[in-house]
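Undergrad: Sharing a structure, written as structure tokens. Questions coming.
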Amino acid sequence: MELGLDGDTVVVTASSAGLGRASAAALADEGANVVVCGRDPERLAATESELSDLDGDVLGVETDITSKREVESLVEAAVEEFGGVDHVVTSAGGVPPGGFADLTEQEWYGAFDMLVMSAVWTVRAARPHLEASDAGTITCITSTSVREVIDDLILSNAVRRGVIGLVKSLSRELAPGVRVNAVLPGAHETSRIEELVEAAVERGDHETYEEGLDSWSDGIPLGRVGDPRELGDVVAFLASDRASFVTGACVPVDGGRLRSA
């Protein structure tokens with residue numbers, strides 16, 4: 001399917017690893033110019049180098065997405081390099097696990113900045129450019145926890161729902177010129193899950209990495225965890241003209257694990 005993204009410019013936050021990186025790769029593979037960012041300069045440089053083999057041009061910008069100033073600089077760098085911004089994909093790193101009694105007030109504020117305000121700052125900075133584009137879109141990567149809570153992840157359960165409220169509101173406020181959607185990933189074989197599986201093997205919970213990874217597929221009707229690129233391909237589709245009548249949608253990409261409709 002031709003997605004028509006060739007030559008478009010996309011800013012993808014928190015994209016030096018994980019689902020953000022997979023989304024950037026899918027978009028660059030479609031010929032889009034992609035601006036990737038992250039806090040770790042070595043990992044960011046490696047991502048920029050690896051994605052440069054794809055069809056689109058890639059720019060890496062060292063960015064802490066919990067800093068409003070740095071997010072604004074990220075968007076400015078995209079405009080300076082490519083002349084505008086056609087699409088924004090907001091992603092964010094994980095927040096601390098734990099139950100209500102485990103977490104400090106500061107961790108609650110930190111989670112809000114990481115998950116919600118980073119998206120707000122990115123959209124605010126990019127909005128004039130998105131509205132000037134003939135193809136403006138915003139896609140927010142969140143989690144299935146916005147529909148069904150996950151034990152011991154109260155910060156994700158509570159705070160990520162603010163992103164969904166933002167997405168639904170913006171889909172109406174910015175229409176018809178800019179489409180706004182969210183994807184709700186379930187378990188994917190990201191570096192974070194790899195670390196957790198490897199730690200479980202070291203503890204003796206599983207004999208092999210494959211056995212440990214397979215344990216994450218419990219409750220997933222498709223019987224496996226996702227490849228991050230499978231999430232990235234959905235993100236690329238939502239940014240494309242092929243999804244031109246899709247806005248305000250929250251699309252699960254979880255192998256069918258969610259039981260809610």
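If you use UniProt numbering, the sequence shown corresponds to residues 1 to 261, in order.
Every residue, glycine too, gets a C-beta built ideally from N, C-alpha and C.
Taking the alpha-carbon positions, what's the residue 348 to VAL95 distance?
TA: The first residue shown for the chain is 1 and the last is 261, placing residue 348 beyond what the model contains.
Undergrad: Does the contact criterion of 3 or more C-beta pairs under 8 Å hold for the segment 66 to 79 versus the segment 19 to 39?
TA: At 8 Å Cβ cutoff, the stretches touch.
Undergrad: Can you tell which of PHE100, ASP6, GLY60, ASP64 has its C-alpha closest to the C-alpha of GLU81?
TA: GLY60
Undergrad: When the distance is taken between beta carbons, is SER118 closer than 8 Å to GLY13?
TA: Note on residue identity: the sequence assigns Thr, not Gly, to residue 13. Yes, these two residues count as a Cβ contact at 8 Å.
Undergrad: Give a yes or no on whether the C-beta atoms belonging to CYS140 and ALA111 are separated by under 8 Å.
TA: no
Undergrad: Along the chain, where does the beta strand (DSSP E) containing THR139 start, and where does it finish?
TA: 137 to 141 is the span of the beta strand (DSSP E), which, as asked, contains THR139.
Undergrad: Kindly indicate which three-state DSSP category THR90 falls into: helix, strand or coil?
TA: strand
Undergrad: Helix or strand or just coil, what does DSSP make of GLY7?
TA: coil
Undergrad: Measure the C-alpha to C-alpha separation of GLU50 and GLY4 and round it to an integer number of angstroms.
TA: Cα to Cα, GLU50 sits roughly 23 Å from GLY4.
Undergrad: Pull up the distance between the alpha-carbon of GLU148 and that of ILE154, whole angstroms please.
TA: 11 Å
Undergrad: Touching or not, the segment 153 to 170 and the segment 203 to 222, by the rule of three or more beta carbon pairs under 8 Å?
TA: no
Undergrad: Examine the Cβ distances between the segment 211 to 220 and the segment 232 to 251 and report whether three or more of them are shorter than 8 Å.
TA: no
Undergrad: DSSP puts ASP188 in a beta bridge; with which residues?
TA: Before going on, a small fix: residue 188 reads as His here, not Asp. BP columns for HIS188 point to GLY226.
Undergrad: Considering GLY83, what are the terminal residues of the beta strand (DSSP E) in which it resides?
TA: First-last for GLY83: undefined, no H or E at that position.
Undergrad: Which term fits GLU30, buried or exposed, when burial requires 16 or more other beta carbons within 10 angstroms of its beta carbon?
TA: Burial call: buried.
Undergrad: Report the three-state DSSP secondary structure of PRO176 (helix, strand or coil).
TA: coil
Undergrad: In this structure, how does DSSP classify ASN62 when only helix, strand and coil are distinguished?
TA: According to the sequence shown, residue 62 is Glu rather than Asn. DSSP places GLU62 in strand when its eight states are reduced to three.
Undergrad: Is it true that the CB of ALA32 sits closer than 8 Å to the CB of VAL10?
TA: yes
Undergrad: Rank PHE245, VAL235, ALA26 by C-alpha distance to the C-alpha of THR142 and give the top, closest one.
TA: VAL235
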